[in-house]
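One line per chain: the protein sequences are A and B, in this order. Be aware that the first sequence starts at 1, since it is given in the working numbering, and climbs by one per residue. Be aware that the second sequence starts at 1001, since it is given in the working numbering, and climbs by one per residue. Each residue gets a CB set at the ideal place from its N, CA and C atoms; glycine is no exception. Quantities reported herein were computed from a predicted structural model and do not represent experimental measurements.
Protein chains: 2
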Amino acid sequence: MKFEPVAPVRAYERIVEQIEEAVVSGRLKPGDRLPGERELMTQFGVGRSTVREALRVLQAAELIRSRPGDPRGPEVLAASPGALHRSMHRLARAEHVGLAELLQFRMVLDGSSHLLAAELRTAEDLTALDSALEGMATADGYAEFSRADVAFHDVIAQVSRNPLLVVSGEVVRGVVLELIEDKLSHANDRGTLMRSWLRHHEEVLNAIRAADGESAARLARQALYDNYAEYVPKDQRTLLTPLLT
Amino acid sequence: MKFEPVAPVRAYERIVEQIEEAVVSGRLKPGDRLPGERELMTQFGVGRSTVREALRVLQAAELIRSRPGDPRGPEVLAASPGALHRSMHRLARAEHVGLAELLQFRMVLDGSSHLLAAELRTAEDLTALDSALEGMATADGYAEFSRADVAFHDVIAQVSRNPLLVVSGEVVRGVVLELIEDKLSHANDRGTLMRSWLRHHEEVLNAIRAADGESAARLARQALYDNYAEYVPKDQRTLLTPLLT
DNA sequence: CTCAGTACACTGGTCAGACCAGTAACCCTG
DNA sequence: CAGGGTTACTGGTCTGACCAGTGTACTGAG
């Protein structure tokens, strides 16, 4: 006979559960309003501080937002990757996830989105990608170039038609940039760097235009390795090379 | 000239920032204790409810844990993927992420972890995989078989040595199962199903033993497609086929 | 009748003080 | 020295209060 360990269930936790259930199940849609705190405390039969702690937790999870003075009450928000971004970012900074693992993950995600994008791209997608690449070519300064690069990858992810790929890619790209952007922006040969990036992107775009997903994925992974591997400790680069087939 | 939108900064948010900064920067290590709430309210110069709301947020992020009665105060926790797990789960369930997108994402993740596992596996990893497979073969009933299957995939992810792959895979597998487990458990030919799964896993394990990452990844993706594609609407299956190279 | 301006009711943010159940360290006893 | 009871303190919750700020309904001028 086995027993489960028990933990006391706080009142505010049960409130969180109920409201969260209503949100994820769709009974509460984005834009809907929750009753005010004073109304909620009578509905749940608890004090206002308990209600407020529950709302704080939900707000930290970006499920709701409350503003003082709004008589319509707290607003139910649309699902957004903000909370995912924060928790992944925290986890990444907590040393269990180093740059090597992040890059590895990014090679997986970017490679797959490139492959899918090449197979699924429409004519409109191609013009969007063209203009994104144009934005990189005409960028003035490194900061703008970096923004245009992120935008290009976002378009690729969008074209892959998978929201999970979009969100995860976005998050991982952000965290990688945060970890090494100071090193990148202080590199003494940023001009060479930018030209190299641009050439890589052109090759990738050609493969996508040719609907050659295999090549697009390989090129994307290779580009990541070529440009970032130098910031990965030498003994961890073997984690990356298996992805360069 | 461009201006940034401003949002009023709440007192509890400033407290969260300070404590979170201390945790991620390492000034507070796991196992350390925060002062009690009454002490914190004098240090920050705010009321106890404000302190408590800040602690609630930090607790929801799994950065700290507080237990009533403990005179040593709230405990700083080690980084864990729990918060990431929850936010990804919410995002997957909330926004219209259908079975097709989830399966697509899972094929990407599982394929990559199989590839990496085949390249990085040690002798101990192989024995662990053997016993996981043994657990599936000797499983009694569908529920136990399903648990053993999940455990097998978890071992694979662990062997790939990437915590992001582990946690993302875990989450996506969980969500996929939630969406179709009732259909699976009511299938009339569960015996055939389980035998088919088992054969697939044996093939995959052989490829991993042979350090043939390419094959392991292909087999894993094919197995997912073969066993789950029937639950995907026919017109969405084209999203999956590009991954079956 | 339209519309700008104002008054008001009510919101969430914060504080103060209180009570309770439960914990852990301490002390006292055997 | 071991063990059990005492006690000071913890976090969880409630009540009641005040404030700055918001949306709305009303009012008055055009």
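Check	Outcome
Close beta carbons around residue 1154/B, own chain, < 6 Å, minus the five adjacent residues each side	none
Minimum Cβ-Cβ distance from residue 153/A to chain B less than 9 Å	no
Cβ of residue 1202/B within 9 Å of any chain A Cβ	no
Of the residues 40/A, 225/A, 215/A and 206/A, the one placed nearest residue 130/A, counting alpha carbons only	206/A
Minimum Cβ-Cβ distance from residue 1158/B to chain A less than 9 Å	no
CB contact flag (residue 198/A, residue 190/A, <9 Å)	no
Closer than 9 Å to chain B by CB, residue 42/A	no
Sufficient close CB pairs (3 or more, under 8 Å) joining the stretch 104 to 121 of chain A to the stretch 143 to 163 of chain A	yes
Closer than 9 Å to chain B by CB, residue 122/A	no
Sequence-distant residues of its chain with Cβ nearer than 8 Å to residue 1106/B (five each side left out)	1169, 1172, 1173, 1176 and 1224
Cβ pair residue 231/A, residue 180/A closer than 9 Å	yes
Neighbouring residues, chain A, relative to residue 1072/B (Cβ below 9 Å)	Within chain A, no residue comes near residue 1072/B; the closest Cβ sits about 18 Å away, beyond 9 Å.
DSSP state of residue 1004/B mapped onto helix, strand, coil	coil
Distance between residue 1020/B and residue 1027/B (C-alpha atoms, nearest Å)	10 Å
Exposure of residue 1072/B, with buried meaning 16 or more beta-carbon neighbours within 10 Å	exposed
C-alpha distance - residue 41/A paired with residue 12/A, whole-angstrom precision	11 Å
Three-state class that DSSP yields for residue 62/A in the structure shown	coil
Residue 1233/B at chain A interface by Cβ criterion, 9 Å	no
Contact set for residue 1234/B: own chain, Cβ-Cβ below 8 Å, skip 5 residues either direction	none
CB of residue 35/A within 9 Å of CB of residue 1091/B, strictly	no
Residues near residue 119/A in its chain [Cβ-Cβ closer than 6 Å; skip 5 each side]	213
Identity of the residues DSSP links to residue 75/A by a beta bridge	33/A and 65/A
Residue 28/A - DSSP class collapsed to helix/strand/coil	coil
CB contact below 9 Å: residue 179/A versus chain B	no
Unbroken alpha helix (DSSP H) run spanning residue 1209/B, endpoints	1190 to 1209
Residue 1163/B at chain A interface by Cβ criterion, 9 Å	yes
Continuous alpha helix (DSSP H) stretch holding residue 1142/B: start and end	1142 to 1159
Positions along the stretch 1199 to 1231 of chain B whose CB lies within less than 7 Å of some CB in chain A	1213 and 1214
Where residue 135/A sits in the DSSP three-state scheme	helix
Interface partners of residue 24/A on chain B, CB under 8 Å	1090, 1093 and 1094
Pair within 9 Å by beta-carbon distance, residue 56/A and residue 1056/B	yes
Outcome for residue 1104/B when other beta-carbon atoms lying within 10 angstroms are tallied against a minimum of 16	buried
Per-residue DSSP class, three states only, for residue 10/A	coil
Nonlocal neighbours in the same chain, by C-beta distance under 6 Å from residue 167/A, ignoring five residues either side	81
Supposed close pair residue 1165/B, residue 88/A - CB separation, criterion 8 Å	About 13 Å separates the two Cβ atoms, so there is no contact after all.
Residue 215/A - DSSP class collapsed to helix/strand/coil	helix
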